[in-house]
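Just below is one structure, and these are the notes that go with it.
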Amino acid sequence: MASGSIFTFDTDPQRVSSPWLAPEDSGRRSNSDNGQVQPGHLSDYGVTKLEAEPQEGPTEYKLHLLLRPRRTYTAMSTISSTHNSRIPASRSKIANAALSASSQSRQVRLQQLTTQLLWRLQQSCAYHALNPKDLIIPKLPDDTDDLSQAMTPQKPLPGLEESRGALYEIGVADDGTLVGLTKDEMDESTTTLKVMAATLGCRVEILRHVIVGECEWLETSELVDSVATQPAQIARQARLWVVEALVTPDYSMKNRHPDGSAEGRREAKESPRATESVVQPSRGRSTTGQLRITLTGPTTSGKSTLLGTLSTGTVDNGRGKSRISLFKHRHEVASGLTSSVAQELIGYKDGVIFNYSQDHVESWIDIHDSAENGRLVFVSDSAGHPRYRRTILRGLFGWAPQWTILCLAADDADASSTKDGASSSANDVLGVAGAGVDLAKAHLELCLKLKTPLAIVITKMDLATKASLHRILGQLLTHIKAAGRVPKILQPAQGSVQEWTAVPSADLDKVKAVTTEMNRDGDLLRFVPIILTSAVSGAGIGMTHALLESLPLPPVPTANDYVGMALNPEQPSCLFHIDDTFSLPASYASLAENPNQNDMGTVVSGYLRFGQLSVGDSIIVGPFPSGEDDFKGMTPEDRASPGNYGLSISHPSSAELAKIAIRNTVAASTIQGEWHKAKIVSIRNLRLPVNTLEAGQVGTIGIVLEMPKEKSAEAAFETPLAAPRIRKGMVLAIPSKHMADTGMSLQAASGLTVSFRDPNTASLAYGSLVNVYVGSVRAAARVKGVSRLASRNGSNKAKPEETEDIFDMNEHDESAPTYDLEFSGGVQVTLELLTSREWVEMGSQILVLEGGRNDRSGLEGFVGTVVEIVD
Numbered sequence: 001m002a003s004g005s006i007f008t009f010d011t012d013p014q015r016v017s018s019p020w021l022a023p024e025d026s027g028r029r030s031n032s033d034n035g036q037v038q039p040g041h042l043s044d045y046g047v048t049k050l051e052a053e054p055q056e057g058p059t060e061y062k063l064h065l066l067l068r069p070r071r072t073y074t075a076m077s078t079i080s081s082t083h084n085s086r087i088p089a090s091r092s093k094i095a096n097a098a099l100s101a102s103s104q105s106r107q108v109r110l111q112q113l114t115t116q117l118l119w120r121l122q123q124s125c126a127y128h129a130l131n132p133k134d135l136i137i138p139k140l141p142d143d144t145d146d147l148s149q150a151m152t153p154q155k156p157l158p159g160l161e162e163s164r165g166a167l168y169e170i171g172v173a174d175d176g177t178l179v180g181l182t183k184d185e186m187d188e189s190t191t192t193l194k195v196m197a198a199t200l201g202c203r204v205e206i207l208r209h210v211i212v213g214e215c216e217w218l219e220t221s222e223l224v225d226s227v228a229t230q231p232a233q234i235a236r237q238a239r240l241w242v243v244e245a246l247v248t249p250d251y252s253m254k255n256r257h258p259d260g261s262a263e264g265r266r267e268a269k270e271s272p273r274a275t276e277s278v279v280q281p282s283r284g285r286s287t288t289g290q291l292r293i294t295l296t297g298p299t300t301s302g303k304s305t306l307l308g309t310l311s312t313g314t315v316d317n318g319r320g321k322s323r324i325s326l327f328k329h330r331h332e333v334a335s336g337l338t339s340s341v342a343q344e345l346i347g348y349k350d351g352v353i354f355n356y357s358q359d360h361v362e363s364w365i366d367i368h369d370s371a372e373n374g375r376l377v378f379v380s381d382s383a384g385h386p387r388y389r390r391t392i393l394r395g396l397f398g399w400a401p402q403w404t405i406l407c408l409a410a411d412d413a414d415a416s417s418t419k420d421g422a423s424s425s426a427n428d429v430l431g432v433a434g435a436g437v438d439l440a441k442a443h444l445e446l447c448l449k450l451k452t453p454l455a456i457v458i459t460k461m462d463l464a465t466k467a468s469l470h471r472i473l474g475q476l477l478t479h480i481k482a483a484g485r486v487p488k489i490l491q492p493a494q495g496s497v498q499e500w501t502a503v504p505s506a507d508l509d510k511v512k513a514v515t516t517e518m519n520r521d522g523d524l525l526r527f528v529p530i531i532l533t534s535a536v537s538g539a540g541i542g543m544t545h546a547l548l549e550s551l552p553l554p555p556v557p558t559a560n561d562y563v564g565m566a567l568n569p570e571q572p573s574c575l576f577h578i579d580d581t582f583s584l585p586a587s588y589a590s591l592a593e594n595p596n597q598n599d600m601g602t603v604v605s606g607y608l609r610f611g612q613l614s615v616g617d618s619i620i621v622g623p624f625p626s627g628e629d630d631f632k633g634m635t636p637e638d639r640a641s642p643g644n645y646g647l648s649i650s651h652p653s654s655a656e657l658a659k660i661a662i663r664n665t666v667a668a669s670t671i672q673g674e675w676h677k678a679k680i681v682s683i684r685n686l687r688l689p690v691n692t693l694e695a696g697q698v699g700t701i702g703i704v705l706e707m708p709k710e711k712s713a714e715a716a717f718e719t720p721l722a723a724p725r726i727r728k729g730m731v732l733a734i735p736s737k738h739m740a741d742t743g744m745s746l747q748a749a750s751g752l753t754v755s756f757r758d759p760n761t762a763s764l765a766y767g768s769l770v771n772v773y774v775g776s777v778r779a780a781a782r783v784k785g786v787s788r789l790a791s792r793n794g795s796n797k798a799k800p801e802e803t804e805d806i807f808d809m810n811e812h813d814e815s816a817p818t819y820d821l822e823f824s825g826g827v828q829v830t831l832e833l834l835t836s837r838e839w840v841e842m843g844s845q846i847l848v849l850e851g852g853r854n855d856r857s858g859l860e861g862f863v864g865t866v867v868e869i870v871d
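Heads up: the sequence shown begins at 1 in UniProt numbering, then just goes up one per residue.
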């Protein structure tokens, strides 16, 4: 089952474990003196043969790595029946392999050996991100001259930065027989291994050097004088050695540009406790345009099916076949209801669609490569059932989409309830209590309230009737025009298509006409494109691809987008919103460097609101509860809060729980907020390892907290304090120069003042509990004050009127009524946050959902703007 997430790793890649050691000793290294590995004997290990080579995993057995033919031995104690005996005429398979000469050219053999090393390194890597065809093998000289130039490590290849390494047992047969090599052949083999490793950006460390036997061969002496007619045969004897070598990515930070300057935007400073290695990815940053989109809509409206068809290029069977790859949980597969946020990546370049239907596309990394300098569309699929309201709102707020696509089903839920793929009615979703609830209307009204550009996709056209289509389009146009926006119906070309490798030119032309008008108008909120689709017949899928490729990108975000400089004097230089955290090492490099270290940092995912973050940057994380606070070590999820009970506080049946919780909640103002320093050790932009994350991009960041040390009561040495737990809603930031110079700390809000245009907001009762959504923050709050604003001059110039012919709407766009969006009056609400302080940006959009309302959709709330923050 595929996991639709921007963060997809093998959570437990295979460990590098030596076959020479028992499992309990696998982390122990061989004895060494001043870094030099001391030779050993078989008697030191108590073995005469290793386990057979594993077919998978990071361990490789090689008889030799010579790039020349081997010499012929007359006797080898390791493969003969008796010590120092002659090899019989009928040699065993092992003997033939040990004594055979390599007939391949040096360059071809090096290519094959390096590809094999890459595969073994990937076996211990959390994510395989490189195709062997991308390897560039250095050209070797024709003779056996010095190969030192070819042994200089290159930049680590994409995806190998986090490999735990690979073990090479040189002089060992595939079945584990210890055959051995002479010293000169072993030296040549290790040199070849170093050349192979350097090509991949890796280094070689010799872990074991073991004497396993002796050998004998005949060497021809040179002619001394012309009298001799035949050269003499001289017998030579030598020891046979087996070497164990560990190949790991080069974490030494010594990779530099040709001019000698260090790579990276900032120079990393060593932290007091952070011994983790900072890995410099081979790619600096992604320069491809990236568009974030969230699919939303009521349950069974076909969101997941639509995304499955767009990302795989296959039509649905009418029963949700195309959406299976997006589900993360078994209960989602069983019920067909999405309960979590799943993501997929689709690439576009010069009209070509790059998704999993392409033969060469197996991962997001392939999409990055294929769509370079084109466009990447990051699509989030959210839940639709009111039971998963938090997931719905997380998709609309947590990932800060640049566009929202509302999916609404065209079929009549009551009339087609017995058909495969039919939509569910409100009664099916909410039971008898849901009678009269219009889930589609609730989603539409919320999307129109938000300051996010909106497009609408009408799904399930294969099940639609003329009456049902007329009804839904009529409702859509009425609500869109009432909100002061202009609908644009885009009708796809006639006929169905079963495969999409490129965007249809006819559909692209229609979409370009609308997007050109959007760009000319300058207001992305004004126009609402509407597309009619069917994931079963394929109708409208090409048009949807054209829309995704052509939707205008908003300008690069800055720190002053919401309010001006004068009103935001304490903005940091960059800000990253944390939407999720993962219990994984911040950098797999640290596992290879420090295998016995327990605390490897944290990986967080989210989006960069503004600024720029690079590997090696020193940052601050927070806000955390103060060290003197009784709640230290607890997150808001651990504390008593009305938002943490099984049912949301907006659900009437949870009113009693809310009453209990209200007595146990703690005002955030009583909890001191603090910020901790940290260092960035790894960054991925949509799974692509990069050195820098740009403003507006989504990614995962590995960080290591720099905790101060405290004196141990039982020991004379200092130990670092336990790192606090990072949670959703926190931020990563780099303070501005002004903040650093003055010692000013970032704000940690305990209260907010919010301005609303909707006069109905005045219905909020003093002291009532609400849930607030702002940025990546979801928090419980208490209403501390409600006041009406003075009325402003100006009112709506016209009221929306329903059109008689809804399909001719596009022909009369110029006469569509316009409205004065400046509200005549408004409401200001003062909110007190509960259980924890939060980072809230001045001027940001906020959604307030009131507890105890009779709204069964769970989406009826008030959208406003933060105008004041109480620290």
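Note that the Cβ used here is the ideal one computed from N, Cα and C, for glycine as well. Please read all numbers here as calculations on a predicted model, not as lab measurements.
| Asked | Found |
| --- | --- |
| C-alpha gap between Tyr-168 and Met-76, whole angstroms | 22 Å |
| Helix, strand or coil at Thr-602 [DSSP, three-state] | strand |
| Counted within 10 angstroms of its Cβ, other Cβ atoms place Thr-299 as buried (16 or more) or exposed | buried |
| Buried versus exposed, by CB contacts within 10 Å (16 or more), Leu-218 | exposed |
| For Leu-746 and Lys-784, believed in contact at Cβ under 8 Å, the rounded distance | No, Lys-784 and Leu-746 are not in contact; Cβ-Cβ is about 23 Å, not under 8 Å. |
| In chain order, each beta strand (DSSP E) run of at least 3 residues that lies wholly inside the region 479 to 566 | 486 to 490, 527 to 532 |
| Supposed close pair Val-204, Gly-180 - CB separation, criterion 8 Å | Between Gly-180 and Val-204 the Cβ distance is about 19 Å, and since that is not below 8 Å, they are no contact. |
| DSSP state of Tyr-388 mapped onto helix, strand, coil | helix |
| Own chain residues within Cβ distance below 6 Å of Val-870, not counting five before or after | Ser-750, Gly-751 |
| Extent of the continuous beta strand (DSSP E) to which His-360 belongs | It is not in any beta strand (DSSP E) - His-360 carries neither H nor E in the DSSP assignment. |
| Cβ pair Leu-310, Asn-373 closer than 9 Å | no |
| Nearest-angstrom beta carbon gap, Ser-286 and Leu-688 [assumed within contact, 8 Å] | 6 Å |
| Near the ligand MN: Ala-342 beta-carbon under 8 Å from a heavy atom | Annotation note on the ligand MN: not contained in the displayed structure, which lists no ligands. |
| Inter-residue spacing [alpha-carbon to alpha-carbon] between Leu-307 and Met-744 | 45 Å |
| Extent of the continuous beta strand (DSSP E) run through Gln-233 | 233 to 249 |
| Closest Cα partner of Arg-68 within the set Pro-554, Gly-843, Gly-616, Thr-191 | Thr-191 |
| Spatial neighbours of Leu-859 in its chain, beta-carbon cut-off 6 Å, leaving aside the 5 residues before and after | Ala-442, Leu-446 |
| Cut-off 8 Å between Cβ atoms - residues of its own chain near Gly-289, not counting five sequence neighbours on either side | Gly-374, Arg-375, Leu-376, Leu-553 |
| Euclidean distance between Cα positions of Gly-540 and Asp-523 | 26 Å |
| Three-state class that DSSP yields for Ile-206 in the structure shown | strand |
| Helix, strand or coil at Gln-697 according to DSSP, with G and I counted as helix | coil |
| Cys-215 - DSSP class collapsed to helix/strand/coil | strand |
| At least three beta-carbon pairs within less than 8 Å, the region 390 to 398 to the region 759 to 775 | yes |
| Pairwise C-alpha distance: Gly-284 and Gly-611 | 16 Å |
| CB of Gly-696 within 9 Å of CB of Leu-789, strictly | no |
| Proximity of Lys-460 and Asp-521 at Cβ, strictly below 9 Å | no |
| Beta-carbon spacing of Ser-867, Ser-755 below 9 Å | In the sequence on display, residue 867 carries Val and not Ser. A contact, by the Cβ cut-off of 9 Å. |
| Exposure label - Lys-194; buried when at least 16 CB within 10 Å | buried |
| Test item: CB-CB of Val-681 and Gly-601 under 9 Å | yes |
| Under the three-state DSSP convention, the category Ala-798 falls into | Bear in mind that the predicted position of Ala-798 carries a pLDDT of just 40, short of 50, making it unreliable; the figure below should be weighed with that in mind. Three-state result, Ala-798: coil. |
| Where the beta strand (DSSP E) containing Glu-344 begins and where it ends | 342 to 349 |
| Nearest to Met-842 (by Cα), restricted to the options Thr-515, Gly-864, Leu-834 | Gly-864 |
| Member of Ala-235, Glu-60, Gln-571 whose CA lies at the smallest distance from the CA of Thr-72 | Ala-235 |
| Length-filtered (4 minimum) alpha helix (DSSP H) runs lying within the region 715 to 800 | 737 to 742 |
| At least 3 beta-carbon pairs within less than 8 Å: the region 110 to 118 vs the region 43 to 54 | no |
| Enclosing beta strand (DSSP E) for Ser-381 [first to last residue] | According to the sequence displayed, residue 381 carries Asp and not Ser. Asp-381 -> beta strand (DSSP E) spans 375 to 381. |
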